[in-house]
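Before any comments, here is the structure.
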Amino acid sequence: MHQVHIKKTQKSYNVGKIVCLGRNYLDHIRELGNKVPDRAVIFCKPASSLLADGGAIKIPEYSDDCHHELELALLIGKTGKHIPESDALSYLDGYGVALDLTLRDVQSELKGKGLPWEIAKGFDTSCPISDFVPAQQVDNPNTLQIKLTINGEVRQDGNTAQMMRSVEAIIAEVSTFYTLEPGDIILTGTPAGVSRIESGDILEGTIEHVGSLKVSVA
Ligand code: MG
């Protein structure tokens, strides 16, 4: 059973599904040469992909090109389907800092063949995640600085204001496909600056008003 915790409270959640948004920052879409999607690009990671703060990433032997993607994570606190944007934030119980690690070589090969690319996104340790802060602690999730350093060097430096879909719009859209349940997590996409990580790297992600996450590469 995989659990996440809310800081300064006794609250914890058993994690259900981890729903991820792709292509939600225009500058990241451009750096990968992808098309701007009409509809949100959505995929899931299994709960077994979670890695707690302070842990070590294990890059699978079937890849030689694992990329970091720093993302704002949303923790769902109550059940909802077809959630209206106007009410979306009331479904959140916390915000966290997450990485959506991606085996870019494996993903590119499978995308090229028109096949699902989950094994590029859902491997063990592919979802490092911090503890969550209570949702009421963040006034506006759509104006947060989001920054990743590797070995102290800045690699990603963006703001959630650059998201094509707001947090409210993401919750509304995801909930048209999947019933959202307590303990589900949504990753909201990554800004530009993704690049390869290597054994020995130290990754440190910070999101304004939310906190930080520090993991290493085994
Ligand atoms: Mg991502």
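Using this note's numbering, count along the sequence shown one by one with no gaps and you end on 215.
Yeah, the Cβ is synthetic: ideal placement off N, Cα and C, and Gly gets one too.
Whose C-alpha, out of the options, is nearest the C-alpha of residue i?
i    : options                  : result
D24  : D50, Q159 and A53        : Q159
I199 : G190, S213 and R193      : S213
L47  : I167, V12, L72 and A117  : V12
D84  : H206, A169 and A53       : A169
S60  : K14, G155 and S105       : S105
K118 : S45, T146, Q133 and A132 : S45
Please report the straight-line C-alpha distance between residue i and residue j, rounded to a whole angstrom.
i    : j    : result
G30  : P188 : 14 Å
N21  : D121 : 24 Å
E165 : G51  : 30 Å
K144 : G91  : 19 Å
H79  : R36  : 16 Å
E28  : G190 : 8 Å
A53  : G111 : 32 Å
F40  : L18  : 7 Å
E68  : G155 : 10 Å
K108 : S209 : 32 Å
D181 : L141 : 22 Å
V207 : A70  : 10 Å
I116 : P125 : 16 Å
What are the boundary residues of the alpha helix (DSSP H) that residue i is part of?
i    : result
V171 : V164 to F174
D102 : R101 to G109
E28  : L23 to E28
Contact defined as beta carbons within less than 8 Å: I believe residue i pairs with residue j. What is the distance between those atoms, to the nearest angstrom?
i    : j    : result
K4   : D128 : 5 Å
H64  : R152 : Rounded, the Cβ-Cβ distance is 10 Å, inconsistent with contact.
T185 : V94  : Incorrect: roughly 11 Å between the Cβ atoms, too far for contact.
V135 : V16  : The pair is not a contact, with the Cβ atoms about 19 Å apart (cut-off 8 Å).
N148 : S163 : Actually they do not touch by this definition, with Cβ atoms about 33 Å apart.
Please classify residue i: does DSSP put it in a helix, a strand, or coil?
i    : result
E195 : coil
N11  : strand
T6   : coil
T203 : strand
S117 : The identity of residue 117 in the sequence shown is Ala, whereas the question assumes Ser. Three-state DSSP puts A117 in a helix.
E68  : strand
Starting from residue i, trace the beta strand (DSSP E) in both directions and tell me its first and last residue.
i    : result
E150 : E150 to N156
I147 : Q142 to I147
L47  : L47 to A49
F40  : V38 to K42
I221 : For residue 221 there is no data in the structure shown, the boundaries of the chain being -2 and 215.
Y92  : L89 to L96
K211 : G208 to V214
Tell me whether residue i, by its Cβ, gets closer than 7 Å to a heavy atom of ligand 2.
i   : result
C17 : Ligands in the displayed structure: ligand 1; ligand 2 is not one of them.
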